[in-house]
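Asks: Let me give you the structure first, and then I'll get to my questions.
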Amino acid sequence: MHKPILSLLALAALSASAAPASPRHGDKWIVGMSQCNLGEPWRVQMNADIRKAAEAHPEIELVFKDAQNDTLRQRSQIEEFINAGVDLLIVSPKEAAPLTPPVAAAFSHGIPVIVLDRKVLGNDFTQFIGADNRRIGRAAGDWAVRRLLALPRVKDGGRARMVELTGLMTSTPGQDRLAGFHAALQGQPVDIVFSADTQWLEPQARAEMESALAVNPQIDLVYAHNDPAAHGAYLAAKSASREKDIIFIGIDGLPQEGQVYVRQGLLEASFEYPTGGREAVESALKILNGDAVPRQVTLNSRFFTRDTVASGGKWLP
Ligand code: FRU
Numbered sequence: 003m004h005k006p007i008l009s010l011l012a013l014a015a016l017s018a019s020a021a022p023a024s025p026r027h028g029d030k031w032i033v034g035m036s037q038c039n040l041g042e043p044w045r046v047q048m049n050a051d052i053r054k055a056a057e058a059h060p061e062i063e064l065v066f067k068d069a070q071n072d073t074l075r076q077r078s079q080i081e082e083f084i085n086a087g088v089d090l091l092i093v094s095p096k097e098a099a100p101l102t103p104p105v106a107a108a109f110s111h112g113i114p115v116i117v118l119d120r121k122v123l124g125n126d127f128t129q130f131i132g133a134d135n136r137r138i139g140r141a142a143g144d145w146a147v148r149r150l151l152a153l154p155r156v157k158d159g160g161r162a163r164m165v166e167l168t169g170l171m172t173s174t175p176g177q178d179r180l181a182g183f184h185a186a187l188q189g190q191p192v193d194i195v196f197s198a199d200t201q202w203l204e205p206q207a208r209a210e211m212e213s214a215l216a217v218n219p220q221i222d223l224v225y226a227h228n229d230p231a232a233h234g235a236y237l238a239a240k241s242a243s244r245e246k247d248i249i250f251i252g253i254d255g256l257p258q259e260g261q262v263y264v265r266q267g268l269l270e271a272s273f274e275y276p277t278g279g280r281e282a283v284e285s286a287l288k289i290l291n292g293d294a295v296p297r298q299v300t301l302n303s304r305f306f307t308r309d310t311v312a313s314g315g316k317w318l319p
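Residue numbers (this note's numbering): 3 to 319.
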């Protein structure tokens with residue numbers, strides 16, 4: 003007897019979140035964007051991509067909030083969006099577990115939610131948009147292994163020694179970039195001699211790399227989970243006059259950041275991590291117009307090396 007009532011309610015909630023009838027306030031759709039921080043160029047780019055895609059759509063009004071890399075602040079900013087009764091919410095969460103309840107709360111209030119780049123737990127949102135970080139990590143790992151196997155010392159039967167500077171490990175891209183990379187290392191003559199969580203931050207990566215250099219006279223390669231961390235590691239090696247002995251690779255591949263580092267020869271490779279900003283606005287418009295959208299959109303990515311950066315990189319295999 004209870005079951006049908008429950009599923010009717012669930013259906014009502016679902017259709018409310020899938021197809022709002024009209025804007026809740028005035029004649030424009032209010033779209034809230036909860037950004038976890040604007041400290042890295044990549045996040046500034048994400049907001050810029052969202053703004054640019056929305057320019058052609060005067061029927062939506064964007065409201066941005068920046069949580070300044072503070073999980074509690076992001077939680078309360080999402081609650082503010084719920085209380086303000088936004089028509090749709092885009093969230094790029096700092097961490098998975100602590101941002102799951104406010105995202106679920108928005109969704110259960112009938113606000114469609116697009117989760118962008120980093121994931122939350124469970125399924126209480128309308129759509130997730132992001133690239134496949136495991137695949138990116140795997141491609142970075144395969145690339146690193148090929149490069150390391152070509153070193154004379156490794157060809158002669160030695161083992162390669164590398165450093166991994168991870169992103170924030172309570173966020174899903176950090177977990178997936180690690181898992182993909184480690185899968186590629188299976189059975190290879192490569193040892194990770196130092197590993198640290200840089201929380202995605204360049205100064206942290208620089209400090210961790212100083213420690214790595216201090217205790218490891220031989221480092222062949224640094225795999226950083228983002229380009230700011232790769233750059234921080236490079237700067238640490240440079241001030242120890244060891245940058246020429248080490249191969250640096252990173253992730254993000256922004257034209258104004260990672261691609262420049264590759265052109266300048268600081269990084270040997272950068273793997274693109276598209277922001278998904280444009281796709282989020284396209285999906286938001288569909289949802290607001292009552293169209294169905296898939297639960298997950300997986301974005302493709304390219305990689306840039308010294309040989310390919312000038313011609314726009316190559317798509318991941
Ligand atoms: C920016 C950033 C990017 C990274 C992404 C992962 O905050 O650290 O450099 O690719 O977040 O979510």
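Positions of the beta carbon are idealized from the N, C-alpha and C atoms, including for glycine. Fair warning: this is a prediction, and the values are worked out from it, not measured in the lab.
1) Please report how far the alpha carbon of K30 lies from the alpha carbon of P175, in whole angstroms.
2) Going by DSSP in three states, E82 sits in which element: helix, strand or coil?
3) Could you please give the first and the last residue of the uninterrupted alpha helix (DSSP H) stretch that includes K157?
4) Determine the burial state of H4: buried for a count of at least 16 other Cβ atoms within 10 Å of its Cβ, exposed for fewer.
5) Fully enclosed by the segment 286-318, which beta strand (DSSP E) runs are 3 residues long or longer?
6) If you reduce the DSSP assignment to three classes, tell me which class E284 lands in.
7) At what residues does the beta strand (DSSP E) containing F273 begin and finish?
8) Taking DSSP as the reference, what is the three-state secondary structure of I138?
9) What residue does the alpha helix (DSSP H) around M211 start on, and which one ends it?
10) Alpha carbon to alpha carbon, how far is Q201 from K67? Give it in angstroms, no decimals.
11) Label G267 either buried or exposed according to how many other C-beta atoms from any shown protein chain fall within 10 Å of its C-beta, with 16 as the threshold for buried.
12) What distance in whole Å lies between the Cβ atoms of T128 and V264, which are believed to be in contact at a cut-off of 8 angstroms?
13) Restricting to Cα atoms, I'd like to know which of L187, I249, E166 and D178 is closest to S213.
14) How about the segment 274-288 and the segment 249-260: do they share at least three Cβ pairs that are nearer than 8 angstroms?
15) Taking all protein chains shown into account, decide if D293 is buried (16 or more other Cβ within 10 angstroms of its Cβ) or exposed.
16) Is M48 helix, strand or coil when you go by DSSP?
17) Could you check if R120 belongs to the surroundings of the ligand FRU, using beta carbon to heavy atom distance under 7 angstroms?
18) Would DSSP call T174 helix, strand or coil?
19) How long is the line joining the alpha carbons of V147 and V192, rounded to whole angstroms?
20) V93: buried (16+ other C-beta within 10 angstroms of its C-beta) or exposed?
21) Where does S94 fall in DSSP's three states?
22) Give a yes or no on whether the C-beta atoms belonging to G2 and G278 are separated by under 8 angstroms.
23) Exposed or buried, which one is Q298 when buried takes at least 16 other CB atoms within 10 Å?
24) Near H111, which residues of its chain fall below 8 angstroms by C-beta distance, leaving aside the five closest residues on each side in sequence?
25) Against chain B, does N71 count as a neighbour if the rule is that its beta carbon must be under 8 angstroms from one of theirs?
26) Taking the straight line between their C-alpha atoms, what separation do you get for A99 and R137?
27) Taking 7 angstroms as the line, does the beta carbon of R75 fall inside it for any heavy atom of the ligand FRU?
28) Which word fits T168, buried or exposed, when buried means at least 16 other C-beta atoms lie within 10 angstroms of its C-beta?
29) If you check the beta carbons only, do I251 and Y225 fall under 8 angstroms apart?
Replies: Taking the coordinates as given:
1) 34 angstroms
2) helix
3) P154 to K157
4) For H4, the pLDDT reaches just 37, beneath the cut-off of 50, and the residue's location in the model is therefore unreliable, although a value from the coordinates is still provided. Counting Cβ neighbours within 10 Å, H4 comes out exposed, since fewer than 16 surround it.
5) 298-301 and 304-307
6) helix
7) A271 to E274
8) helix
9) E204 to V217
10) 21 angstroms
11) exposed
12) Not quite, the Cβ-Cβ distance comes to about 36 angstroms (not below 8 angstroms), so this is no contact.
13) E166
14) yes
15) exposed
16) helix
17) yes
18) helix
19) 8 angstroms
20) buried
21) strand
22) Given that the chain is displayed from residue 3 to residue 319, the structure contains no residue 2 and the question cannot be resolved.
23) exposed
24) I84
25) Absence of chain B from the displayed structure is noted, only one protein chain being present.
26) 22 angstroms
27) no
28) buried
29) yes
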